[in-house]
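S.K.:
Protein chains: 2
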Amino acid sequence: MASEGSPTKREKVLRALEELGRRLVEQIEAGQFPSIELPSRSTTNIRYDPELRQYVLGDKRVRRTAANIRHLRPLMHLVWAAYFSHELVRSWKTTTLRDVYYSAQAYGFAFKDQQESNNIVVDLESVIGFPREDFNIFPEERSSVFGDLTVEYTVPGYEGKRLNLTSHPDGMMIGPALANAKFVDVRADKVIAIEKGGLFTRFIEERVHERYNAILIHTAGQAPRATRYFIRRLHEELGLDVYILTDGDPWGMHIAMVIISGSAEAAHLRGLTTPDAKWIGVWATDIVKYKLPSDPLTDIDIKRLHELERDPRYSGELWQREIRAFLKHKRKSELEAFSRYGLTYIVDEYLPDKLGE
Amino acid sequence: MASEGSPTKREKVLRALEELGRRLVEQIEAGQFPSIELPSRSTTNIRYDPELRQYVLGDKRVRRTAANIRHLRPLMHLVWAAYFSHELVRSWKTTTLRDVYYSAQAYGFAFKDQQESNNIVVDLESVIGFPREDFNIFPEERSSVFGDLTVEYTVPGYEGKRLNLTSHPDGMMIGPALANAKFVDVRADKVIAIEKGGLFTRFIEERVHERYNAILIHTAGQAPRATRYFIRRLHEELGLDVYILTDGDPWGMHIAMVIISGSAEAAHLRGLTTPDAKWIGVWATDIVKYKLPSDPLTDIDIKRLHELERDPRYSGELWQREIRAFLKHKRKSELEAFSRYGLTYIVDEYLPDKLGE
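From first to last, the protein sequence lines are chains A and B.
Take 423 as the starting number for the first sequence in my numbering and just add one per residue.
Take 423 as the starting number for the second sequence in my numbering and just add one per residue.
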């Protein structure tokens, strides 16, 4: 969140896109073939940074130049994507990757397929260093939020309008407007992010937001990047502790990990991770400790656990212990499994146990 | 929506569940084996009712009686489900089908699998004539809404609180609280339901709610039943016209049809359909008329179209014409395809064309 006077993120994005265009014009005016340099995203240039606790790109860079006929097409696409994104941000319009793919035709060319169009958007991210949500290309997926936080919108038609995020007891969507809203006032001292929608609703009904002074977030499976950015802002700007509750299986663990340390695909980006966030369950050891109903791990689950075991993001003691416990007991449990002790057990017993740890 | 003095839906559901229990007790006190009669949901008992414009069950009924040892297990499950649902409604708790499955273990028995537990919930729906959302068993899926409608909540902690559904520019979740809120004041004169989330957000940004005086609903694919009920209420209680926008393929058509005429699986229920709602596109004929970028239909798409062709819900002239057009041109187009004419074309040109038809 920008303080008075310093540029907003929107302004920074607009400037970065304009700067890209200015460099190209300068090259042309200097009689040079225009070119754009960007960090290489090849796997050999991706490494884990233990300080940042996320994947980052190394020093290898690639250049797209109009002097090379094979570069002309991706260079043109990249310049168009920058122009199109600038238009989006300037006019406060948001769009999707699918829309970008079709929009090319409004400009007299066509992408070969969705993959080609998606790649260009990632190229643009790595050139200007902002995730695509910051230049208004959002995914279809949406998470939702509920809790005692008052925000002030910055989108057109809503400038200066404030809303407390407990106003609607079914929860509010985390979309473009909320991602960029100012945080005005917060009573909560923590964030609890939950994988499942049914449980998010139950937590609201059981007044977890009041009893545990928490902002509740429904990730809806893997959290979209706008939601990961929102969670990071809650931690960085407001100092809230972040706790993550998922199903007790390798996929649930990884939902938590992507909030904590991001993904290799986003190695070219900063500002989407919350390394201090804590995965509080369902742990493999909880399945035993709480005698939860469980299902056997599938071969795919086990293969995935072995992958995670070697993944540098999972090198911490807790993660290694839980991966070993999964592989030992070969069982998994969903969050709903706590209902075997009654519907409120997870809120009355499990949650305080885990927050206390 | 109940007027002052008449029972609310919540009260009706509680009474229906209590009445079920009372009948069982009376049977036992009269020295009879307790039994429950329910309409048969076998396919031979499902027929299409052209008056109601939905599937309904015929007169065939089945009886579960404690006098038959093979009935004991499903009878016990059904009685438990009724008790559990009564507890949920009485205590204002909502839950999910997955939670119901696990909750049995809190009562000392276990369902064989999720399917057995799901079936019992449908049995209970058909006995009391209310969808499971009315006895507080909700799916994971959530749609969202945005528009000039002021609601008054009835859930605990929010009684009497009002909110205008334009308060949050990313949209509000349609969950248990909104499904049962009172409609206090509406400015909109129509509902536009949209399959895709990106487009829902674009419509808000393009002020479709103001320009076309509409409440916008994001169905998020197939609309959950709470959303179908919400749409019906907007039509029945407030007299709003309902328009549905989906991708131009058999799956999009069917998203619209399930809002309009429901599904065969819900033949035992009333009150979830909006027969007067209109599917306004993307039609097969629009793909040609608007020269949309399109993809070839797959074999599965074509098989599905032949199924729909014979489905009584699709007997109307528009539907048959569009099915024939799909089968003739063998192409499909997504809503995003309109972006080939620029991002606002769908709002500036296509939408007024279709609303005018």
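Quick reminder that beta carbons are idealized off the backbone N, C-alpha and C, glycines included.
Taking all protein chains shown into account, do 16 or more other C-beta atoms lie within 10 angstroms of the C-beta of A/N490, making it buried, or fewer, making it exposed?
M.R.: Looking up residue 490 of chain A in the first sequence gives position 68. That one is exposed.
S.K.: Starting from A/G703, follow the beta strand (DSSP E) in both directions and report where the run begins and ends.
M.R.: Your numbering for residue 703 of chain A matches position 281 in the first sequence. Here the beta strand (DSSP E) through A/G703 covers 700 to 703.
S.K.: State yes or no: is the beta carbon of A/A424 nearer than 8 Å to at least one beta carbon in chain B?
M.R.: Along the first sequence, one-based indexing puts residue 424 of chain A at 2. Confidence at A/A424 is low in this model, with a pLDDT of 43, below 50, so its placement is unreliable and the value that follows should be read with caution. Chain B contact via Cβ: absent.
S.K.: Given that B/Q849 touches chain A, what residues does it touch there, using C-beta distances under 7 Å?
M.R.: Given that chain B is displayed from residue 423 to residue 779, the structure contains no residue 849 of chain B and the question cannot be resolved.
S.K.: Which chain B residues are close to A/M595, counting only those with a beta carbon under 8 Å from its beta carbon?
M.R.: Indexing the first sequence from 1 puts residue 595 of chain A at position 173. Those are S566, H590, D592, G593, M594, M595, listed as they occur along chain B.
S.K.: Using a beta-carbon distance below 8 Å, is B/P672 in contact with chain E?
M.R.: The structure shown contains no chain E; its protein chains are A and B.
S.K.: Tell me which residues of the segment 500 to 521 of chain B have at least one Cβ-Cβ distance to chain A shorter than 7 Å, keeping chain order.
M.R.: From the segment 500 to 521 of chain B, only W514, K515, T516, T517, T518, R520, D521 have a Cβ closer than 7 Å to chain A.
S.K.: Are any of the Cβ atoms in chain B nearer than 8 Å to that of A/E731?
M.R.: By one-based count along the first sequence, residue 731 of chain A stands at place 309. It does not; no Cβ of chain B falls within 8 Å.
S.K.: Spell out whether any CB of chain A is found under 8 Å from the CB atom of B/S683.
M.R.: What you label residue 683 of chain B is simply residue 261 of the second sequence in a count that begins at 1. So, not an interface residue.
S.K.: Nearest CA to the CA of B/Q476: which residue from B/S548, B/N540, B/G593, B/L694?
M.R.: Taking the second sequence and counting its residues from 1, one reaches residue 476 of chain B at position 54. Checking every option, the nearest Cα to that of B/Q476 belongs to B/L694.
S.K.: Against chain B, does A/L773 count as a neighbour if the rule is that its beta carbon must be under 8 Å from one of theirs?
M.R.: Position 351 of the first sequence holds residue 773 of chain A. Cβ-Cβ to chain B under 8 Å: no for A/L773.
S.K.: Give the C-beta separation of B/K612 and B/D663 to the nearest angstrom, bearing in mind that I take them to be a contact with Cβ-Cβ under 8 Å.
M.R.: Numbered from its first residue, the second sequence carries residue 612 of chain B at position 190. Numbered from its first residue, the second sequence carries residue 663 of chain B at position 241. Going by Cβ atoms, the distance from B/K612 to B/D663 rounds to 4 Å, so yes, they are a contact pair.
S.K.: Comparing the CB of A/A686 with every heavy atom of the ligand NAP, is any distance shorter than 7 Å?
M.R.: Of the ligands one can find in the structure shown there are none, so the ligand NAP has no counterpart to examine.
S.K.: I need the DSSP call for B/F760, collapsed to helix, strand or coil.
M.R.: Within the second sequence, residue 760 of chain B is the residue found at index 338, counting from 1. Helix.
S.K.: Could you give the first and the last residue of the continuous beta strand (DSSP E) run that contains B/T518?
M.R.: Taking the first residue of the second sequence as position 1, residue 518 of chain B is located at position 96. From DSSP, B/T518 is part of no beta strand (DSSP E); its letter is neither H nor E.
S.K.: For B/V543, which residues from the same chain have a beta carbon less than 7 Å from its beta carbon, with the 5 sequence-adjacent residues on both sides left out?
M.R.: In the second sequence, counting from the first residue as 1, residue 543 of chain B sits at position 121. Only A503, L519, V522, R554, I559 meet the Cβ criterion.
S.K.: I need the boundaries of the alpha helix (DSSP H) containing A/T649, first residue and last residue.
M.R.: Here residue 649 of chain A refers to the residue found at position 227 when the first sequence is read from its first residue. Here the alpha helix (DSSP H) through A/T649 covers 647 to 660.
S.K.: So, for B/I550: in the same chain, excluding its five sequence neighbours on each side, which residues have a beta-carbon less than 6 Å away from its beta-carbon?
M.R.: As a position in the second sequence, residue 550 of chain B is number 128, starting the count at 1. For B/I550, where only same-chain residues beyond five positions count, the Cβ hits under 6 Å are A438.
S.K.: How long is the line joining the alpha carbons of A/S425 and A/F552, rounded to whole angstroms?
M.R.: Translated into positions along the first sequence, residue 425 of chain A becomes position 3. Translated into positions along the first sequence, residue 552 of chain A becomes position 130. Confidence at A/S425 is low in this model, with a pLDDT of 47, below 50, so its placement is unreliable and no value can be given for it.
S.K.: Which residues share a DSSP beta bridge with A/S457?
M.R.: Position 35 of the first sequence, counted from the first residue, corresponds to residue 457 of chain A. In DSSP, A/S457 forms a bridge with A/T487.
S.K.: Checking contacts by CB at 8 Å: is B/A528 closer than that to chain A?
M.R.: One-based indexing of the second sequence puts residue 528 of chain B at position 106. For B/A528, the answer is yes, since a Cβ of chain A falls inside 8 Å of its Cβ.
S.K.: Cα separation between B/Q536 and B/A526?
M.R.: Here residue 536 of chain B refers to the residue found at position 114 when the second sequence is read from its first residue. Here residue 526 of chain B refers to the residue found at position 104 when the second sequence is read from its first residue. In a straight line, the C-alpha of B/Q536 is about 11 Å away from that of B/A526.
S.K.: According to DSSP, is B/Y665 part of a helix, a strand, or is it coil?
M.R.: Here residue 665 of chain B is taken as the residue at index 243 of the second sequence, counted from 1. Of the three classes helix, strand and coil, the one that applies to B/Y665 here is strand, per DSSP.
S.K.: Which value, in whole angstroms, describes the spacing of the CA atoms of B/D669 and A/A615?
M.R.: On the second sequence, position 247 is the one that residue 669 of chain B refers to. On the first sequence, position 193 is the one that residue 615 of chain A refers to. Roughly 32 Å between the two C-alpha positions.
S.K.: When you compare the CB of A/R609 with every CB in chain B, is at least one pair closer than 8 Å?
M.R.: Locating residue 609 of chain A in the first sequence gives position 187, counting from the first residue. Closer than 8 Å: no.
S.K.: Do you know offhand how far A/T641's Cα is from A/K618's?
M.R.: The count along the first sequence starts at 1 and reaches residue 641 of chain A at position 219. The count along the first sequence starts at 1 and reaches residue 618 of chain A at position 196. Each residue's Cα considered, the two are about 7 Å apart.
S.K.: Quick check: the Cα distance between A/V573 and A/A678, rounded to an integer number of angstroms?
M.R.: What you label residue 573 of chain A is simply residue 151 of the first sequence in a count that begins at 1. What you label residue 678 of chain A is simply residue 256 of the first sequence in a count that begins at 1. When rounded, the distance between both Cα atoms is 25 Å.
S.K.: When DSSP labels each residue in this structure, what does A/L638 get in the three-state scheme?
M.R.: Counting from one through the first sequence, the residue named residue 638 of chain A turns up at place 216. Of the three classes helix, strand and coil, the one that applies to A/L638 here is strand, per DSSP.
S.K.: Name, please, each residue of chain B whose Cβ falls closer than 7 Å to the Cβ of A/E627.
M.R.: Within the first sequence, numbered from 1, the residue matching residue 627 of chain A stands at position 205. What A/E627 touches in chain B: W514, K515, T516.
S.K.: Do the segment 717 to 725 of chain B and the segment 760 to 774 of chain B meet, that is, are 3 or more Cβ pairs less than 8 Å apart?
M.R.: Not touching, per the Cβ criterion.
S.K.: State the Cα-Cα distance for the pair A/A686 and A/V478, rounded to the nearest angstrom.
M.R.: Sequence index remark: in the first sequence, residue 686 of chain A carries index 264 (1-based). Sequence index remark: in the first sequence, residue 478 of chain A carries index 56 (1-based). When rounded, the distance between both Cα atoms is 8 Å.
S.K.: On a Cα-Cα basis, can you pick out the residue from B/R650, B/L727, B/I666 that is closest to B/R417?
M.R.: The requested residue 417 of chain B does not occur in the structure, where chain B is confined to residues 423 to 779.
S.K.: Buried or exposed, going by whether 16 or more other CB atoms sit within 10 Å of the CB of A/K754?
M.R.: Sequence index remark: in the first sequence, residue 754 of chain A carries index 332 (1-based). Counting Cβ neighbours within 10 Å, A/K754 comes out buried, since at least 16 surround it.
S.K.: In its own chain, which residues sit with a C-beta less than 8 Å from the C-beta of B/L494, not counting the 5 before and 5 after it?
M.R.: Indexing the second sequence from 1 puts residue 494 of chain B at position 72. Once the five neighbours on either side are set aside, the close Cβ partners of B/L494 are A488.
S.K.: Should A/E440 be flagged as near chain B, meaning a C-beta pair shorter than 8 Å?
M.R.: Taking the first sequence and counting its residues from 1, the one referred to as residue 440 of chain A is at position 18. No - not a single Cβ of chain B is within 8 Å of the one on A/E440.
S.K.: B/A645 CB to nearest chain A CB: under 8 Å?
M.R.: Looking up residue 645 of chain B in the second sequence gives position 223. No - not a single Cβ of chain A is within 8 Å of the one on B/A645.
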